[in-house]
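Inspection log for the structure reproduced underneath, given as structure tokens.
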Amino acid sequence: MVNLTIQGAPVPAELVGEFVDSSSLPDADLEPRLAQDGYLFLRGVLHPTEVMQAREEVFTRLMEVEEILDPPIDGIFSGKSRRQDLFPDLGAFWQSVSAGDRCCAKRRMGRGCKPSWIAFFKSRRGGRITCF
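Right under this line is the structure:
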């Protein structure tokens, strides 16, 4: 087993495990699985290229506030942040991450979702549902 740490502290072994793949379950079995596990792992829902593009877009923004080291696609935390200095309203920061030309990959990712999955989540959460 891999020994994991968060900020130098070990993660207890009982908190580490593999995701249970729900991708092949019939739609009717998704709700019981969600209730059982507290999440749904749906492999292959999103195209890997679009996931990587969205990752790079978000991490580039985090690099701009000095939270991520260059190259941003690697997602390596810098140990510091200027986000609060540059964006006192953190909600405004995250809205800016999702707005404008930079958000294209994140928006495209939602196109791969099965309508039944969107309906499933919408019936439980209400409001707008996206697949990432």
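Taken in order, the sequence shown gives residues 102 to 233; the numbers are from my numbering.
Glycine included, C-beta positions come from ideal geometry on N, C-alpha and C.
Predicted, not measured: the structure shown is a model, and the values here were computed from it.
Own chain partners of residue i with C-beta closer than 8 Å, once the 5 adjacent residues on each side are dropped
i	result
residue 126	134
residue 173	157, 160, 161, 163, 164
Cβ neighbour criterion (16 or more within 10 Å) applied to residue i
i	result
residue 114	exposed
residue 107	exposed
residue 141	buried
residue 119	exposed
residue 155	buried
residue 132	exposed
DSSP three-state assignment for residue i, whether helix, strand or coil
i	result
residue 110	strand
residue 122	strand
residue 160	helix
residue 188	coil
residue 169	strand
Beta-carbon proximity of residue i to residue j, cut-off 7 Å
i	j	result
residue 112	residue 138	no
residue 123	residue 105	no
residue 170	residue 179	yes
residue 166	residue 191	no
Own chain, CB closer than 6 Å to residue i, minus 5 neighbours either side, in chain order
i	result
residue 189	none
Residues of its chain near residue i, where Cβ-Cβ distance is below 7 Å and the 5 sequence neighbours each way are ignored
i	result
residue 198	159, 162
heavy atom of the ligand MG below 6 Å from residue i C-beta
i	result
residue 156	The ligand MG is not part of the structure shown, which contains no ligands of any sort.
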